[in-house]
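J.: For the sequence shown, position 122 (counting from the first letter as 1) is numbered 239 according to our numbering, and the numbering increases by one without interruption.
Where a beta carbon is used, it is the ideal one built from N, C-alpha and C, also for glycine.
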Amino acid sequence: MNSKSTVIENIKKFAVANIVPIVFIIVCFLGVIYSGSAPAIILMDVISRFDRNAFLVISLIIPILTGLGLNFGIVLGAMAGQIGLFVVAVAEMQGLTAILVATVIAIPLAIILGWMTGELLNRTRGQEMITSMILGFFASGVYQFIFLFFIGGIIPVNAPSIMLSSGIGVRNTIDLTTMKYALDNIWKLDPFTAMILFAAAFLILLFYKLLVKKERSAKTFINIGICAAVILFGLVAGQLKAFEQYKLLAQIPMVPFILIALLCVFVQSFIKTKLGQNMRAVGQDAKVAAVSGIDVNKTRIIAVCISTIFAAVGQIIFLQNLGNMSTYNAHENVGMFSAAALLIGGASVSKATVGQAIMGTILFHLLFNVSPMAGKNIFGSAELGEYFRVFIAYGIIAVTLALYAWKKAVQDKADNKLR
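(1) Please determine if the region 140-151 and the region 427-440 are in contact, where contact requires at least 3 C-beta pairs separated by less than 8 Å.
(2) Classify Y363 as buried or exposed, calling it buried when 16 or more other Cβ atoms lie within 10 Å of its own Cβ.
(3) Okay, do the region 191-201 and the region 377-390 touch, 3+ Cβ pairs below 8 Å being the bar?
(4) Compute the distance between the beta-carbons of L459 and A474, then report whether it is under 8 Å.
(5) Looking at the strands, I want to know which residues DSSP matches up with V287.
(6) For R333, which residues of its own chain have a beta-carbon under 7 Å away from its beta-carbon, when the five flanking residues on both sides are left out?
(7) Taking only runs that begin and end inside the region 433-496, name each unbroken beta strand (DSSP E) of 3 or more residues, in chain order.
(8) Are there 16 or more other CB atoms within 10 angstroms of the CB of A171, so buried, or fewer, so exposed?
(9) Check K305 in the structure and name its three-state DSSP category.
(10) Looking at D162 and the ligand NAP, is the gap between the Cβ and the nearest heavy atom below 7 Å?
(11) Is D168 helix, strand or coil by DSSP?
(12) Could you name the residues of the same chain whose beta carbon sits closer than 6 Å to that of S249, not counting the 5 residues immediately before and after it, in chain order?
(13) Using the three-state DSSP reduction, which class does I136 fall into: helix, strand or coil?
(14) Excluding sequence positions up to five away, which residues of its chain have a Cβ less than 6 Å from the Cβ of G231?
(15) State the beta-bridge partners of I128 as determined by DSSP.
(16) Just how far apart, CA to CA, sit S488 and S152?
(17) Does I272 come out as helix, strand or coil in the three-state DSSP assignment?
(18) Give the DSSP-derived three-state secondary structure of D162 in the structure shown.
(19) Using the DSSP secondary-structure output, state which residues sit across from I369 in a beta bridge.
(20) Of the residues G351, L365, K336, which one's Cα is nearest the Cα of A311?
(21) List the residues that DSSP assigns as beta-bridge partners of D412.
(22) In angstroms with no decimal places, state the Cα-to-Cα distance between W463 and I136.
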């Protein structure tokens with residue numbers, strides 16, 4: 118009887134702790150059913166959205182671990198990426214060369230912007246999220262002013278296809294077709310082959326931990342079992358005619374997915390380093406961390422810089438997949454939608470993992486795909502589905518922030534009683 122009650126209690130705790138992703142899994146499942154779209158078409162769209170958005174979502178993790186909350190300041194990183202793409206577009210570079218040069222230009226700029234953001238956040242302790250959000254709006258205004266008046270007016274640019282007819286200011290949209298899919302088209306595989314390759318790579322990593330590092334925990338053995346099951350499924354499903362349409366329609370762009378996988382491995386490994394542990398210590402209690410000899414301000418700035426760099430690279434990956442760049446507003450929803458995706462995965466403003474970022478990105482963009490058609494089939498209006506997904510993006514952030522503030526108030530009250 119006691120064991121049964123313990124199991125029920127554990128299930129309740131799991132459900133409460135993961136209520137957000139559970140609700141969205143149910144909503145997405147219903148959306149897929151009512152949308153009436155073919156599963157292969159949905160999968161193809163989700164793969165494309167995941168390809169171009171996952172990097173941006175993962176860029177939020179390190180600032181959260183450092184106690185900075187949701188870094189809406191990744192908008193500045195996105196701007197750095199766009200500036201890099203603008204430069205290579207003016208220089209008429211093409212393909213992979215353009216992407217690499219844009220990245221080289223964007224990273225130093227992202228470091229500078231990240232450092233400035235970090236300095237500002239250090240001066241607004243306890244208000245980092247609202248500060249980074251307002252900073253994003255301010256930086257967006259400066260960015261737009263530069264592209265509308267400085268470019269061509271003060272900084273001469275000879276690119277008629279990009280500049281306005283007056284020669285001052287940049288056009289609303291910059292064509293990136295010469296570098297579209299520069300990363301995506303390098304190597305593509307069907308979902309089942311890609312599934313087998315990624316599972317096999319992860320399996321090798323797990324065996325390395327098991328045999329070399331002697332990490333013989335239950336989690337390691339469970340992950341080995343999952344990888345083996347995924348490989349078996351990929352081998353069997355790839356040969357069945359029932360899944361043939363998935364092989365034809367849904368192609369995995371391997372290079373962006375490998376970059377995302379490497380970023381996940383980097384974040385996981387970085388957390389275990391001395392600097393990563395310092396960041397966690399700062400996130401848990403900045404005062405205790407300072408007493409322990411950790412330079413809190415410097416650690417927070419480094420966390421913001423890393424996040425901004427990832428956002429710059431992520432925006433370049435996003436726009437090369439899109440094939441064009443909305444000059445003045447391509448960056449505007451980067452912070453909001455990335456934060457919403459991360460929170461949907463079960464993260465909070467004080468705790469986030471790579472797994473939550475991956476799950477949240479999939480659920481958020483699956484919802485984006487199915488909600489218009491589901492809204493049309495249920496209510497007779499596709500616009501309702503459009504409004505619903507925008508409502509979800511802002512609503513999940515508002516609810517999470519409210520819950521965080523409530524939990525913090527309850528914790529502070531409990532701490533005061535103990536004193």
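T.: This is what the structure holds:
(1) no
(2) Looking up residue 363 in the sequence shown gives position 246. Buried, because 16 or more other Cβ atoms sit within 10 Å of the Cβ of Y363.
(3) Too few Cβ pairs lie closer than 8 Å, so no.
(4) To locate residue 459, count along the sequence shown from 1; it is residue 342. To locate residue 474, count along the sequence shown from 1; it is residue 357. The answer is yes: Cβ separation under 8 Å.
(5) For the purposes of this step, residue 287 is identified with residue 170 of the sequence shown, where counting begins at 1. In the DSSP output, where bridge partners are listed per residue, V287 has M280.
(6) As a working note, residue 333 is residue 216 in the sequence shown. Excluding five sequence positions before and after R333, the CB atoms of its chain that fall closer than 7 Å to its own CB belong to L327, given in chain order.
(7) 441-443
(8) Working through the sequence shown from its first residue, we reach residue 171 at position 54. With 16 or more Cβ atoms within 10 Å of its Cβ, A171 is classed as buried.
(9) By 1-based counting over the sequence shown, the position of residue 305 is 188. In the structure shown, K305 sits in a strand (DSSP, three-state: E or B).
(10) Absence of the ligand NAP is noted for the structure shown, with no ligands found whatsoever.
(11) Translated into positions along the sequence shown, residue 168 becomes position 51. Helix at D168.
(12) Residue mapping note: residue 249 aligns to position 132 of the sequence shown, counting from 1. Hits under 6 Å: N188, F189, G190.
(13) For the purposes of this step, residue 136 is taken as the residue at position 19 of the sequence shown. Note: I136 maps to helix in three-state DSSP.
(14) As a working note, residue 231 is residue 114 in the sequence shown. Excluding positions up to five away in sequence, the list reads V421, C422, T425.
(15) Mapped onto the sequence shown, residue 128 falls at position 11. I128 is not bridged to any residue.
(16) Here residue 488 corresponds to residue number 371 of the sequence shown, with the count starting at 1. Here residue 152 corresponds to residue number 35 of the sequence shown, with the count starting at 1. Taking the straight line from one Cα to the other gives about 7 Å.
(17) As a working note, residue 272 is residue 155 in the sequence shown. Three-state DSSP puts I272 in a strand.
(18) Here residue 162 is taken as the residue at index 45 of the sequence shown, counted from 1. DSSP places D162 in helix when its eight states are reduced to three.
(19) Stepping through the sequence shown from its first residue, residue 369 is reached at position 252. Note: I369 is bridge-paired with L306 in the DSSP secondary-structure output.
(20) For the purposes of this step, residue 311 is taken as the residue at position 194 of the sequence shown. Per the Cα distances, G351.
(21) Taking the first residue of the sequence shown as 1, we reach residue 412 at position 295. Beta-bridge pairing links D412 to no other residue.
(22) For the purposes of this step, residue 463 is taken as residue 346 along the sequence shown, with counting starting at 1. For the purposes of this step, residue 136 is taken as residue 19 along the sequence shown, with counting starting at 1. The residue asked about is misnamed: residue 463 is Gly in this sequence, not Trp. Rounded to the nearest angstrom, the two C-alpha atoms are 8 Å apart.
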